[in-house]
Amino acid sequence: MPVVTRIAPSPTGDPHVGTAYVGLFNYALARRSGGRFVLRLEDTDRQRYQAEAETKILDMLEWLGLQADEGPGVGGAQGPYRQSERLDLYREHAQRLIDGGHAYRAFETPEELEAMRLEQRRLGLDPGYDGRGRAVPADEQARRAAAGEPHVVRLLTPDEGETSFHDLLRGEVRIPNREIRDPVLLKSDGYPTYHLAVVVDDHLMGITHVMRAEEWVTSTPIHVLLYRAFGWELPTFVHLPLLRNPDANKTKISKRKMDTSVESYREQGILPEALLNFLGTMGWSMPDGREVFSLDDMVEVFDVKRISLGGPVFDLKRLRHLNARYLRDVLDLETLAERLRPYLAARGLAAADEDYLLDVLDVVRPRAETLQELAEQAVPFLVERLGYDVDARRRLAAGQAYLEDLERAFAALEWFDDDDVDELLRSYVQRQAVPMGKVMMPLRVALTGTTQAPGVVDLVVIMGKERTLSRIGQALQAISEGLPDDDPDRLKAEAEAAAKEEARAKRRRPLNAAGRG
Ligand code: GLU
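For what it's worth, this note's numbering labels the leading residue of the sequence shown as 4, then goes sequentially.
Quick look at the structure:
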């Protein structure tokens, strides 16, 4: 029998990293076994339903590359794949259970149920439905329902004994039947509850492996009772470990404690490959221990039995480090440029010159952890005119004579390659008999507007003659224009503060502002 897996997210908000996680493992299992991966939208909770959440789930799966073989928008033999479009099926199946004596119609009003709860509390009994509706004879149930009296349909569950099921990772899981209190299957508005819909759909859609988050473990015995009542074979159940916060108590990840929205990671510039790779290390690892692996790598060797249950920690720092490795080592420059484009566009930048952009990315990528950071660092290379802050202008002014000399020297230089640029700068500094940094810092500022940038030789080589000269020119102009909008007192104070900071920084690290960084 071919393996069929599924994810069944509810479109109730921003797609959660947990959905991506469960999606990845279901996808991997289906692909590994040459089976099918189904997407079903569980949208029967109409209070929490959000139309845009549905689109976001589809977008997320596409972005991650977890394509479903069957689902909304894809189609498939067992559709529709939105539960709200399958209501007749659930009603039919509820009727089937009633007819077989496995379910009954219950007519208690909300007030009656509330009174029952209060009474239970007063007597110190476990809260939950006490089964009072069972006493209404079947023909009376049918008559009252036909007369239009509001009611729900409840599953008739055993009071004694226990219900157990086998979880592929957890082994035998048992629950005393007294904890299962005739759960509602069909609500008074005619919508199914999760329990009925999930069982009917998993069965009709031919799901062989129900692999979902740990929080559903306690619902599974109800599902088992339903499978039995229908006379259906059970699927294999796998409950994945919950993702945890990196806090001391390792609580379940939640919106309050950390960012759980896939969309937000995407906006920050986390790559889909890196997010998948990261999620793939949650309770799972490559047999050879490799940390960086692709979706295909994972699929190739995926084995459900190797999932470990010790609460995997969703550690943002690790995600960012992994993302940095993808930016630095895994993606080729062309792909990186492609991925970066929307982030540059958001800053109003479009790199007309593709080769230039690739050179820029080559030098800045070792320092970025996200595409946002990469874009930020590429900005000084791509803008037409730089802005100089107080510190930058002070450094420019201090290096004015050097900049003038270098402007002439670069204008006369024919080849802007590493060796020639390096040689020019070295011999110039030697002739001036000053420390490297005295010359390099103003040049760096002139070229990028910032003091933190890649090595100066790299900068000059990448920017090339025209850009280098134009930027030195702009910088000299900025100096000679004076600083009309500046209040001299404030400037002085700022410059003093900056000088102090520089002296402090110098004490912390050996001067290495020059050369390649
Ligand atoms: N709709 C449920 C959810 O949002 C699906 C649970 C299951 O996979 O059975 O997680």
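Yeah, the Cβ is synthetic: ideal placement off N, Cα and C, and Gly gets one too.
These figures come from a predicted structure and were not determined experimentally.
Proximity test, Cβ basis, 8 Å: ALA436 and chain C: As a matter of chain content, chain C is missing from the structure shown, which is built from one protein chain.
Collapsed DSSP secondary structure at PRO195 in the structure displayed: The residue labelled residue 195 in the question sits at position 192 within the sequence shown. Three-state result, PRO195: strand.
Buried or exposed (CB count within 10 angstroms, at least 16 for buried), THR338: Counting from one through the sequence shown, the residue named residue 338 turns up at place 335. Exposed is the call here.
Reduced DSSP category for SER13 - H, G, I as helix; E, B as strand; rest coil: Position 10 of the sequence shown, counting from 1, holds the residue named residue 13. Coil at SER13, not helix or strand.
Coil, strand or helix - ILE178 by DSSP: Here residue 178 corresponds to residue number 175 of the sequence shown, with the count starting at 1. In the structure shown, ILE178 sits in a strand (DSSP, three-state: E or B).
Check: TYR30 C-beta below 7 Å from any heavy atom of ligand 1: Numbered from its first residue, the sequence shown carries residue 30 at position 27. Checking the Cβ of TYR30 against ligand 1 gives no.
Spatial distance of PRO369 from LEU462 (CA atoms): Looking up residue 369 in the sequence shown gives position 366. Looking up residue 462 in the sequence shown gives position 459. About 15 Å.
One or two residues paired with GLU303 in a DSSP bridge: Here residue 303 is taken as the residue at index 300 of the sequence shown, counted from 1. Partner(s): none; GLU303 has no beta bridge.
First through last residue of the beta strand (DSSP E) which encompasses ALA3: Residue 3 lies beyond the stretch modelled for the chain, which goes from 4 to 520, so this question has no answer here.
Close-in-space but distant-in-sequence residues of the same chain around TYR52 (CB under 7 Å, 5 per side omitted): Numbered from 1 along the sequence shown, position 49 holds the residue referred to as residue 52. Within the same chain, TYR52 has close Cβ partners PRO14, THR15 and ASP46.
Helix, strand or coil at THR223 [DSSP, three-state]: The residue given as residue 223 occupies position 220 in the sequence shown. Reduced to three states, the DSSP call for THR223 is helix.
CA-to-CA distance, TYR107 to ARG184, given in whole angstroms: In the sequence shown, residue 184 corresponds to position 181, counting from 1. In the sequence shown, residue 107 corresponds to position 104, counting from 1. Taking the straight line joining both Cα atoms gives about 13 Å.
Burial state of TRP418 (16 or more Cβ within 10 Å): Counting from one through the sequence shown, the residue named residue 418 turns up at place 415. Under this definition TRP418 is an exposed residue.
MET119 in three-state terms, based on DSSP: Residue mapping note: residue 119 aligns to position 116 of the sequence shown, counting from 1. MET119 falls in the helix class under three-state DSSP.
Buried or exposed by the 16-neighbour rule on C-beta atoms within 10 Å, applied to VAL437: Position 434 of the sequence shown, counting from 1, holds the residue named residue 437. VAL437 comes out exposed.
Segment contact, 8 Å Cβ cut-off, at least three pairs: the region 189 to 205 with the region 271 to 291: no
Residues that DSSP places opposite THR166 in a beta bridge: Sequence index remark: in the sequence shown, residue 166 carries index 163 (1-based). Bridge partners of THR166: ILE178.
Straight-line gap, GLU505 to ARG396 (C-alpha atoms, nearest Å): Residue mapping note: residue 505 aligns to position 502 of the sequence shown, counting from 1. Residue mapping note: residue 396 aligns to position 393 of the sequence shown, counting from 1. Straight-line Cα distance between these residues: approximately 14 Å.
Reference ARG49; option with closest CA among GLN86, ALA138, MET214 and GLN480: Numbered from its first residue, the sequence shown carries residue 49 at position 46. Out of GLN86, ALA138, MET214 and GLN480, GLN86 has the C-alpha closest to the C-alpha of ARG49.
Status (buried if at least 16 other CB within 10 Å, exposed otherwise) for ASN326: Translated into positions along the sequence shown, residue 326 becomes position 323. Buried is the call here.
Local conformation of THR58 per DSSP, three classes: Taking the first residue of the sequence shown as position 1, residue 58 is located at position 55. THR58 falls in the helix class under three-state DSSP.
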